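To keep things clear, I will list the structure first and then write my remarks on it.
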Amino acid sequence: MTKHPGRGTVAVNYPIGMNLGGDPSQALVHSNPEGQFTVTLSSIDLGQGMKSVTRQIAAETLGIPVEHVYVDTADSDTGAHCMGSFASRGTHRVGNAVIAAAKEARAVLMAAAARELEVNPIDLETDGRGNIFVKGTADRTISIKEASGAAQFKYGES
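The opening residue of the sequence shown carries number 3 in the numbering used here; numbering runs sequentially from there.
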């Protein structure tokens, strides 16, 4: 046989999730007056750790202890929309939905804390242990519980 020069091309496609129609997932994140947060999903945990990973994602995004986050996957009727718990989509699709929802919840929480501390929200940080403080100061602080209560009862947010 004669050798002929040529080129080869290889491609592999491994989609994360279904990807038909955008493969959407949504999450709801809200706090209670005690400073505890609930993540509401319609994605269920089939033993792959969905509740654990979304709990950790929410806690990290919010800047609070993981013990202050509860994940509710109970009801697709009242929960956020999800295409389902199948393929390799859970952490990727649902996790990103939790990040987006937790960022919105954090913004509300930080806005309430800023109003209480009379500073700009951009000047605030969380310590990961349940407190919000003004950057560069140790004495200007408010607890997540106090900020959450103020958001709900003083400012009408949740």
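The C-beta atom is built at its ideal place from N, Cα and C for all residues, glycine as well. All values reported here derive from a predicted model rather than from experimental measurement.
Quick one, which of R117, A29, F39, A13 has its alpha-carbon nearest I144's? Taking the first residue of the sequence shown as 1, we reach residue 144 at position 142. The residue with the shortest Cα to Cα distance from I144 is R117.
Just the C-alpha distance for K5 and I46, rounded to the nearest angstrom, thanks. Translated into the one-based positions of the sequence shown, residue 5 becomes position 3. Translated into the one-based positions of the sequence shown, residue 46 becomes position 44. Spanning the two alpha carbons is a distance of roughly 56 Å.
Identify which residue in I124, V12, Q38 has its Cα closest to the Cα of G138. Position 136 of the sequence shown holds residue 138. Answer by Cα proximity: I124.
Please give me, in chain order, every unbroken run of the beta strand (DSSP E) with length at least 3 that falls completely inside the stretch 38 to 102. 39 to 42, 71 to 74
Coarse secondary structure for E127, derived from DSSP in three states: Here residue 127 refers to the residue found at position 125 when the sequence shown is read from its first residue. Strand at E127.
In three-state terms, what does DSSP make of V31? Position 29 of the sequence shown, counted from the first residue, corresponds to residue 31. Correct three-state label for V31: strand.
Beta-carbon proximity check, A99 vs L64, cutoff 8 Å: Residue mapping note: residue 99 aligns to position 97 of the sequence shown, counting from 1. Residue mapping note: residue 64 aligns to position 62 of the sequence shown, counting from 1. Their beta carbons are not under 8 Å apart, which means A99 does not touch L64 by this criterion.
Who are the near neighbours of V110 in its chain, counting only those whose CB is closer than 7 Å to its CB and skipping five residues on each side? Start at 1 with the first residue of the sequence shown, and residue 110 comes out as number 108. These residues qualify, in order along the chain: A153, E159.
By the three-class DSSP mapping on this structure, what secondary structure does V136 have? Within the sequence shown, residue 136 is the residue found at index 134, counting from 1. In this structure, V136 counts as strand in the three-state DSSP scheme.
A76 to L126, Cα distance in whole Å? In the sequence shown, counting from the first residue as 1, residue 76 sits at position 74. In the sequence shown, counting from the first residue as 1, residue 126 sits at position 124. Their Cα atoms are separated by approximately 34 Å.
Per DSSP, I144 forms a beta bridge with which residues? The sequence position of residue 144 within the sequence shown is 142, counting from 1. According to DSSP, which records beta bridges pairwise, I144 is partnered with I134.
Coil, strand or helix - V110 by DSSP: Taking the first residue of the sequence shown as position 1, residue 110 is located at position 108. Reduced to three states, the DSSP call for V110 is helix.
Using a Cβ-Cβ cut-off of 8 Å (strictly less than) and excluding sequence neighbours within five positions of S78, which residues of its own chain qualify? Here residue 78 refers to the residue found at position 76 when the sequence shown is read from its first residue. These residues qualify, in order along the chain: S44, C84.
Hey, how far is the Cα of I66 from the Cα of T11? One-based indexing of the sequence shown puts residue 66 at position 64. One-based indexing of the sequence shown puts residue 11 at position 9. Their Cα atoms are separated by approximately 48 Å.
Neighbourhood of S33 by C-beta distance below 6 Å, restricted to the same chain and skipping five residues each side: On the sequence shown, position 31 is the one that residue 33 refers to. Answer for S33: F39, S150, listed in chain order.
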